[in-house]
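Participant: So the sequence lines, in the order shown, correspond to chains A and B.
Residues in the first sequence are numbered from 267 upward in steps of one, following the numbering used here.
Residues in the second sequence are numbered from 712 upward in steps of one, following the numbering used here.
Glycine residues also receive a C-beta, built at the ideal position from the N, C-alpha and C atoms.
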Amino acid sequence: MSDRGYPDAVADEFPPPPTTFTDREDREIEVRPYEGDDEAREALVEMYDSFDPADRAQGIPPGGEERIREWLEAILPGDCYNVIAWCGDEAAGHATLVPDGDAYELAIFVHQTYQRAGIGTHLIRGLLGHGQANGVEKVWLTVERWNRAAVSLYKKIGFETSDAESFELEMGLRLCPDPDEETDGSGEEVDGPDGDQ
Amino acid sequence: MKVLCGIGGSDDSFRALDRTVERAAVANDDLTIAVVDNEDSETSPDEVADRATAAVDEAGIDAEVRRVEGDPGSRLVEIAETEGFEEIVLGGGHTSPMGKITIGSIAEFVLLNAKTSVTLVR
Numbered sequence: 267m268s269d270r271g272y273p274d275a276v277a278d279e280f281p282p283p284p285t286t287f288t289d290r291e292d293r294e295i296e297v298r299p300y301e302g303d304d305e306a307r308e309a310l311v312e313m314y315d316s317f318d319p320a321d322r323a324q325g326i327p328p329g330g331e332e333r334i335r336e337w338l339e340a341i342l343p344g345d346c347y348n349v350i351a352w353c354g355d356e357a358a359g360h361a362t363l364v365p366d367g368d369a370y371e372l373a374i375f376v377h378q379t380y381q382r383a384g385i386g387t388h389l390i391r392g393l394l395g396h397g398q399a400n401g402v403e404k405v406w407l408t409v410e411r412w413n414r415a416a417v418s419l420y421k422k423i424g425f426e427t428s429d430a431e432s433f434e435l436e437m438g439l440r441l442c443p444d445p446d447e448e449t450d451g452s453g454e455e456v457d458g459p460d461g462d463q
Numbered sequence: 712m713k714v715l716c717g718i719g720g721s722d723d724s725f726r727a728l729d730r731t732v733e734r735a736a737v738a739n740d741d742l743t744i745a746v747v748d749n750e751d752s753e754t755s756p757d758e759v760a761d762r763a764t765a766a767v768d769e770a771g772i773d774a775e776v777r778r779v780e781g782d783p784g785s786r787l788v789e790i791a792e793t794e795g796f797e798e799i800v801l802g803g804g805h806t807s808p809m810g811k812i813t814i815g816s817i818a819e820f821v822l823l824n825a826k827t828s829v830t831l832v833r
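(1) Between the stretch 418-452 of chain A and chain B, which residues of the former have CB atoms less than 8 angstroms from a CB of the latter, in chain order?
(2) Anything in chain B within Cβ reach of A:D366, meaning under 9 angstroms, just list it in chain order.
(3) May I ask you to report which of helix, strand or coil DSSP gives A:W352?
(4) Less than 9 angstroms between the C-beta atoms of A:P281 and A:R298, yes or no?
(5) Just the Cα atoms here: how many angstroms apart are B:D757 and A:R307?
(6) Compare the C-beta of B:E797 with all C-beta atoms of chain A and state if any pair is closer than 9 angstroms.
(7) Which bits of chain A does B:S816 rub up against, with CB to CB less than 8 angstroms?
(8) What does DSSP give as the partner residues of A:L393 in its beta bridges?
(9) In whole angstroms, give me the CA-to-CA distance for A:G461 and A:T387.
(10) Starting from B:S724, trace the alpha helix (DSSP H) in both directions and tell me its first and last residue.
(11) Does the stretch 720-729 of chain B come within contact of the stretch 794-814 of chain B, defined as at least 3 CB pairs closer than 8 angstroms?
(12) Along the chain, where does the beta strand (DSSP E) containing A:E410 start, and where does it finish?
(13) Going along the chain, which residues of its own chain have a beta-carbon closer than 6 angstroms to the beta-carbon of B:F820, five neighbours each way excluded?
(14) Alpha carbon to alpha carbon, how far is A:T288 from A:A323? Give it in angstroms, no decimals.
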């Protein structure tokens, strides 16, 4: 879809994974790109199979192992970008960029056991760093209006609302400059402290 | 039951058409299919109407296929109210590349404004 809106300004630079940090519950968490291995996929199946349906967003993640596997088959392969937040060998969270024309659709999930510990911020920054490293230019997402935690996270990252007329908010982020357009070339890196910690 | 099925040519509207026609054949519904203007649809209203007529003929039921011009959501609500329909049936939304369900603007309007029950077909 090409008629979505994106901010004029390019977003900050995000750190490409792998990154490690200690969450607010003193757990060691590592954010790593998904490299197509079976173990990581199985860890995601396990995470989503015990995911609280109350935290579903517009029908995803689906319920039941079979549907979860079908869904993951659509969003894990080659042209998608995925990162996983690991606590030991357990998947605590997962974020993904799925191609949609000249842009990518973003979604992020943190398992209930690991919520409200600052993992979402690290995870989305890791995903966007992974996207930047691979030249992803534009990212969009939809989020339910009542999901304030998610909306404020996306705003903090730099997403701007592009469509507020539906049940869901649509937001956009410009991750890399459009190669067809002139850039101001200031080259300044602004990478402020992580306000979530 | 007296059923009004609104279709504009999106994939989910055709799914709603097929399911509603199927149900009408079994339940003996009094069905009217309203072909509305959906600006997001690439299929012309004439083609949509042809497809609806074909579905009705194939099912061997007696249903009216009617072309409805103007704002789709408000016209559907108005027709349902003035003609005593008991239910409005619409497509249940499209799915993003990620798999997220998004309800179309016509369905949003009808859901919030209709006095009848509304069925969104998934």
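Facilitator: Quick look at the numbers:
(1) E431, S432, F433, E434
(2) For the purposes of this step, residue 366 of chain A is taken as the residue at position 100 of the first sequence. Near A:D366 (Cβ distances below 9 angstroms), the residues of chain B are S807, P808, M809.
(3) Reading the first sequence from its first residue, position 86 is the one you call residue 352 of chain A. The answer is strand: DSSP assigns A:W352 an E or B state.
(4) Working through the first sequence from its first residue, we reach residue 281 of chain A at position 15. Working through the first sequence from its first residue, we reach residue 298 of chain A at position 32. Not closer than 9 angstroms, so no.
(5) Locating residue 757 of chain B in the second sequence gives position 46, where the first residue counts as 1. Locating residue 307 of chain A in the first sequence gives position 41, where the first residue counts as 1. If I take the Cα positions, the gap works out to 47 angstroms.
(6) Numbered from its first residue, the second sequence carries residue 797 of chain B at position 86. No - not a single Cβ of chain A is within 9 angstroms of the one on B:E797.
(7) Mapped onto the second sequence, residue 816 of chain B falls at position 105. Near B:S816 (Cβ distances below 8 angstroms), the residues of chain A are E431, S432.
(8) Locating residue 393 of chain A in the first sequence gives position 127, where the first residue counts as 1. Beta-bridge pairing links A:L393 to no other residue.
(9) The residue given as residue 461 of chain A occupies position 195 in the first sequence. The residue given as residue 387 of chain A occupies position 121 in the first sequence. Reliability fails at A:G461, whose pLDDT of 39 lies under 50, so the model's placement of it is uncertain and no value is given.
(10) Position 13 of the second sequence, counting from 1, holds the residue named residue 724 of chain B. B:S724 -> alpha helix (DSSP H) spans 722-738.
(11) yes
(12) Taking the first sequence and counting its residues from 1, one reaches residue 410 of chain A at position 144. Counting along the chain, the beta strand (DSSP E) containing A:E410 begins and ends at 404-410.
(13) Stepping through the second sequence from its first residue, residue 820 of chain B is reached at position 109. Correct list, in chain order: G784.
(14) Translated into positions along the first sequence, residue 323 of chain A becomes position 57. Translated into positions along the first sequence, residue 288 of chain A becomes position 22. For A:A323 and A:T288, the distance between alpha carbons rounds to 27 angstroms.
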